[in-house]
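Here is the structure we will look at.
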Amino acid sequence: MDWQAFWLTIRLALLVAAALAVVGLPIAYWIAFSHWRWKFLAEAVVALPIVLPPTVLGFYVLVALGSRSPLGRFWQARTGHTLAFTFSGLVIGSIIYSLPFAVQPFAASFALVDPRLMAASATLGASKLQTFRRVIMPLSIPGLVTGVALSFAHTMGEFGVVLMVGGNIPGVTRTVSIDIYDQVQALNYAAANQTALVLLAISFAVLSLVYGVNRKVWAVLPWK
Amino acid sequence: MKTDASQRGLTVQLHQHFSGAGRDFALDLSFVITPGITIVFGSSGAGKTTLLDCIAGLATPDSGKITIGNRVLCDLARGTSLPVQHRKIGYVFQDLALFPHLTVQKNIEYGLSGVNKSERQKKSDAILESFRISDLRGRKPAEISGGERQRVALARALVTDPCVLLLDEPLAALDAATKSKIIDDLRAWNAAHAIPILYITHNREEVFALGDRVLVLENGRIIADGTPHGVMAAPRRESLAQLVGFENIFHAVVAAVHEDRGTMTCRLAYSEVELETPLVRADLGTTLLVGIRAGDILLATVKPEGLSARNIIPGRLLSLEQRDVIVAARVNCGAEMEVHLTLAARDSLQLQPGREVWLIVKTHSCHLMAAS
């Protein structure tokens with residue numbers, strides 16, 4: 000098994016999950032509570048990566064990161080190289096690709112918080128940010144865990160976007176799913192199976208965590 | 000020189016129009032309340048919760064001005080409106096809205112985050128003590144009783160030293176004994192702090208038990224304002240909604256007032272029929288409306304004796320009409336009254352049109368309303 004690819008994938012997934020835990024919160028808050036009439040359009044944009052073929056998404060991310068786009072030029076001016084075919088580029092592509100998997104569970108759990116609790120918090124002198132931190136977040140823990148875990152698992156297994164944006168550079172952009180593909184191409188079924196099994200086990204563990212947390216919290220943590 | 004009361008008084012002037020869902024409704028209010036408990040009494044849909052939400056800043060009226068002493072909470076004409084968190088208003092919601100993830104103590108200290116730790120401890124200890132919930136400080140809201148939750152909600156709102164306390168039917172679900180103990184503690188607290196308390200209810204008993212003053216809200220307007228006895232005993236203004244459910248409505252003239260017994264005698268217009276009714280604030284000779292539900296009238300075929308009911312009126316049965324499982328009998332007793340009977344009662348009394356009958360009406364089944 001290609002341990003280099005494995006650790007690279009874990010590092011990528013952790014970074015993406017952490018970034019989405021930060022970036023996803025304000026977006027989810029806005030989706031849950033905004034009364035803007037065109038909000039549905041923004042919701043559709045956030046959800047696009049779910050239905051878009053990864054190659055389409057990957058293609059546009061590649062173009063956006065390339066040296067012809069403003070972002071690509073800015074990056075190149077700062078660092079001297081392009082974002083495409085680098086680990087950083089992979090992180091950016093993966094954040095976009097996994098965005099709905101974090102934002103949707105976050106927003107769904109925020110929307111479930113009783114509005115009267117937020118009203119009570121405001122009458123007790125709390126600002127919107129304090130209410131978010133002290134009432135909305137603690138009451139949304141299952142949704143937050145779900146969002147972070149799903150974006151982690153989803154990034155672990157991504158293929159199309161990685162191939163388009165990152166290519167297949169060992170130690171830089173070569174992730175486990177690409178490794179599996181390479182092994183199969185080389186008719187090396189035993190190695191492919193070994194890696195695939197590891198991915199399967201990780202995905203199962205993450206989903207078990209998600210469904211476990213979404214039961215009552217005490218059922219998972221009886222020692223509370 | 001301003002008095003203390005006007006420094007602390009709450010002045011509300013507001014107008015809000017709602018439309019949609021086949022309902023067109025305007026809230027149009029103007030009043031001043033002073034420290035002490037003021038009841039806002041009204042049926043559901045009268046606009047009570049909207050009023051509280053406007054004062055708290057959770058809703059914005061179309062126009063109006065709300066001030067506490069000389070502090071302006073909102074003044075729509077000038078386009079100013081303080082955000083909710085800066086209004087310093089205690090609000091106990093109908094469903095209490097205790098934070099389910101926090102202990103009783105953390106709930107109570109929620110509004111004290113800007114206060115240093117020792118001061119916070121002192122304040123929360125004091126309020127836990129005055130509302131007798133010190134034992135519960137480590138429990139979560141789901142682990143305490145309904146009455147205890149009400150106490151926590153009150154304590155949480157009051158610990159921040161609000162300028163006004165708003166209570167939205169907070170005690171509706173409690174038994175009378177628990178309720179009166181909580182009210183006693185609230186009164187004791189307010190004896191020391193003297194803030195205006197606005198207490199919303201649709202329950203008549205609460206009006207008499209609690210208020211120094213009551214505002215009666217109907218269809219978005221205040222239709223009466225005064226002491227509970229003065230306001231609630233006054234004949235209520237007739238409105239279409241109140242007339243629904245009274246099959247028998249008569250104009251009646253106040254013929255005698257028995258202040259000592261709490262009753263009056265009213266003579267139905269165009270007849271000699273006299274009814275003993277509950278006492279309301281009305282002068283002799285005033286014309287009122289008397290409403291009697293057809294289901295509240297008893298019918299007898301012989302003159303009954305030894306009854307507590309005060310109104311026993313002879314008459315003649317005009318007609319019987321079966322409506323599903325009830326029988327509507329029309330009786331002429333000087334005035335024409337509708338009486339509802341069961342099928343079994345009709346059969347066992349062998350009622351026929353033309354038969355002589357007596358109608359029995361309890362004093363408190365006679366509902367008096369002001370004739371418009």
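Residue numbers (numbering that gives the first Met the number 0), protein chains in the order written: chain A, 0 to 223; chain B, 0 to 371.
The C-beta atom is built at its ideal place from N, Cα and C for all residues, glycine as well.
It should be emphasised that the depicted structure is a prediction, and the values quoted were computed from it without experimental measurement.
| Asked | Found |
| --- | --- |
| Reduced DSSP category for Q351 (chain B) - H, G, I as helix; E, B as strand; rest coil | coil |
| is_contact[L220 (chain A), chain B] using C-beta, thresh 8 Å | At L220 (chain A) the pLDDT is 43, less than 50, meaning the model places this residue with poor confidence and gives no usable figure here. |
| Beta-carbon gap between A334 (chain B) and V272 (chain B) smaller than 8 Å | yes |
| G219 (chain B) vs A45 (chain B) beta-carbon contact at 8 Å | yes |
| The region 145 to 158 of chain B / the region 166 to 173 of chain B touching (three or more Cβ pairs under 8 Å) | yes |
| Simplified DSSP assignment, three categories, for R67 (chain A) | coil |
| Chain A contact residues for D94 (chain B), given Cβ-Cβ distances below 7 Å | R115 |
| Residue(s) in a DSSP beta bridge with K64 (chain B) | B:Q12 and B:D74 |
| R70 (chain B) versus B:P303, B:P140 and B:T10, residue with shortest Cα-Cα distance | B:T10 |
| Which residues DSSP lists as bridging Y180 (chain A), in chain order | Paired residue(s): none; Y180 (chain A) is not in a bridge. |
| Own chain, CB closer than 7 Å to I126 (chain B), minus 5 neighbours either side, in chain order | I107, A154, L157 and V158 |
| Continuous beta strand (DSSP E) stretch holding L47 (chain A): start and end | That residue, L47 (chain A), is in no beta strand (DSSP E); its alpha helix (DSSP H) goes K38 to V50. |
| Length of the line joining the Cα atoms of L208 (chain A) and A191 (chain B) | 53 Å |
| Sequence-distant residues of its chain with Cβ nearer than 7 Å to F130 (chain B) (five each side left out) | R150, L153, A154 and D184 |
| Cross-chain neighbours of L170 (chain B) in chain E, by beta carbon under 8 Å | Among the protein chains of the structure shown, namely A and B, there is no chain E. |
| Where T226 (chain B) sits in the DSSP three-state scheme | coil |
| E147 (chain B), enclosing alpha helix (DSSP H) - first and last residue | G145 to L157 |
| Helix, strand or coil at N115 (chain B) according to DSSP, with G and I counted as helix | coil |
| Alpha carbon of L97 (chain B) to alpha carbon of L50 (chain B), nearest angstrom | 22 Å |
| Through-space distance from L111 (chain B) to I67 (chain B), alpha-carbon basis | 22 Å |
| Best match in A:V147, A:A16 and A:F86 for proximity to R173 (chain A) [C-alpha to C-alpha] | A:F86 |
| V163 (chain B) at chain A interface by Cβ criterion, 8 Å | no |
| Own chain residues within Cβ distance below 8 Å of Q182 (chain A), not counting five before or after | Y188, A190, A191 and T194 |
| Validate contact between the region 132 to 139 of chain B and the region 83 to 91 of chain B using beta carbons, cut 8 Å, 3 pairs | no |
| Distance between beta carbons of G165 (chain A) and L89 (chain A), contact taken as under 8 Å | 4 Å |
| Where the beta strand (DSSP E) through D265 (chain B) begins and ends | According to the sequence as given, residue 265 (chain B) is Cys; it is not Asp. First-last of the beta strand (DSSP E) with C265 (chain B): T262 to L267. |
| Reduced DSSP category for A240 (chain B) - H, G, I as helix; E, B as strand; rest coil | For A240 (chain B), the predicted model reports a pLDDT of 46, less than 50, meaning its position is unreliable and no value from the coordinates is stated. |
| Identity of the residue in B:K302, B:T341 and B:S307 nearest L372 (chain B) by Cα | The displayed coordinates of chain B run from 0 to 371. Any statement about residue 372 (chain B) would go beyond what the structure contains. |
| G88 (chain A), DSSP secondary structure in three states | helix |
| Contacts that G124 (chain A) makes with chain B (C-beta to C-beta distance below 8 Å) | Q84, H85, K87, G110, S112, G113 and T159 |
| Proximal residues of chain B, C-beta to C-beta of A204 (chain A) below 7 Å | Going along chain B, no residue has its Cβ under 7 Å from A204 (chain A), so there is no contact; the nearest lies around 27 Å. |
| Beta carbon proximity, L153 (chain B) to chain A, threshold 8 Å | no |
| is_contact[M0 (chain B), chain A] using C-beta, thresh 8 Å | Because M0 (chain B) sits at a pLDDT of 38, beneath the cut-off of 50, its placement in the model cannot be relied upon, and the following sentence gives the value as read from the coordinates. Chain A contact via Cβ: absent. |
| Near the ligand GDP: A251 (chain B) beta-carbon under 7 Å from a heavy atom | Summarising the ligand content, the structure contains no ligands, and the ligand GDP is consequently not present. |
| C-alpha gap between K64 (chain B) and S29 (chain B), whole angstroms | 9 Å |
| Secondary structure, alpha helix (DSSP H): runs of 4+ residues fully inside the region 145 to 202 of chain A | 159 to 165 and 175 to 184 |
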